[in-house]
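Everything on this sheet refers to the single structure shown next.
In our numbering, the protein residues as written are 127 to 371.
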């Protein structure tokens, strides 16, 4: 891909990726090796790499940052959502010293005159500091596991669910558990999961759907016991709805 753009003399400004887990694009796991090699190829060509970790950052994937799974740091990284524990909106962009200094200037012609709509306001900063402290305390107190990305959800239960004819795929990583319902009308505009979403809410489980893809998302502070209760409720309600068809 990069070589083809070079042959056509197309200048690549940067590589912007959602590391490991593509969120609103349909909940797809991306091969970490592919992304690691992509970053290395970009580095070899001096192409800046940006990680969009608005969704995946701050222990969403079971680790502090997706960089811990890829093994390579970005030049720029974007964070939000779990930055404040989801309590209030807050966003932050981090940059390497080299990138930062490129725009560090008194002249408007050189400075980067841009900021988030919710940057550095007192309430957001207070929430962020508290949330990050709580994540650190929780992780320091937790018993180390061989694979923190699999520490929340009952993977065996998800695997068993994936064998059903009405399920296309399932997976879990960190605080996220995903179930794709088999549907002839698959895609973002699908209403396949709409009824299930309403039923789950009546049973105290708040899930979101992306078309026929439904996912549960807990806090990094949620216990595995609670996660298994949510997953058991999801599985039970899917079975009830399927029995009615």
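All residues carry an ideal CB built from backbone N, CA and C; glycine is no exception.
Below 9 Å between beta carbons: does that hold for residue 246 and residue 221?
-> Their beta carbons are not under 9 Å apart, which means residue 246 does not touch residue 221 by this criterion.
Compare the beta carbon distance of residue 305 and residue 340 with 9 Å and say whether it is the shorter of the two.
-> A contact, by the Cβ cut-off of 9 Å.
Does the Cβ-Cβ distance between residue 153 and residue 302 come in under 9 Å?
-> Going by C-beta atoms, residue 153 is nearer than 9 Å to residue 302.
With a CB to CB cut of under 6 Å and the five nearest residues on each side skipped, what residues in its chain are close to residue 261?
-> So the list reads 185, 346, once near-sequence residues are dropped.
Contact belief for residue 162 with residue 187 at Cβ below 8 Å, rounded distance in angstroms = About 15 Å separates the two Cβ atoms, so there is no contact after all.
Please state if the CB of residue 283 and the CB of residue 357 are separated by a distance shorter than 9 Å.
-> In this structure, residue 283 lies closer than 9 Å to residue 357 by Cβ.
Whose CA, out of 137, 199, 351, lies closest to the CA of residue 179?
-> Checked all of 137, 199, 351; the closest Cα to residue 179 is 199.
Going along the chain, which unbroken runs of the alpha helix (DSSP H) with 4 or more residues stay wholly within the segment 234–284?
-> For the segment 234–284, the full-length alpha helix (DSSP H) segments reaching 4 residues or more read 248–267 along the chain.
Just confirm the distance between the C-beta atoms of residue 288 and residue 296, as a whole number of angstroms; I'd bet it's less than 8 Å.
-> A Cβ-Cβ distance of about 4 Å is found for the pair residue 288 and residue 296, placing them in contact under the 8 Å criterion.
Close-in-space but distant-in-sequence residues of the same chain around residue 219 (CB under 8 Å, 5 per side omitted) = Once the five neighbours on either side are set aside, the close Cβ partners of residue 219 are 202, 203, 204, 205, 242.
Please list, in chain order, all residues of the same chain as residue 189 whose beta carbon is under 8 Å from its beta carbon, the five residues on each side excluded.
-> Counting only Cβ-Cβ distances below 8 Å, and skipping sequence neighbours, we find 195, 274, 275, 300.
Can you name the start and end residues of the beta strand (DSSP E) that residue 315 belongs to?
-> Annotation for residue 315: no beta strand (DSSP E) segment contains it, and DSSP assigns it neither H nor E.
Residue 369 lies in the alpha helix (DSSP H); which residues open and close that run?
-> Where residue 369 is concerned, the enclosing alpha helix (DSSP H) stretches over 350–370.
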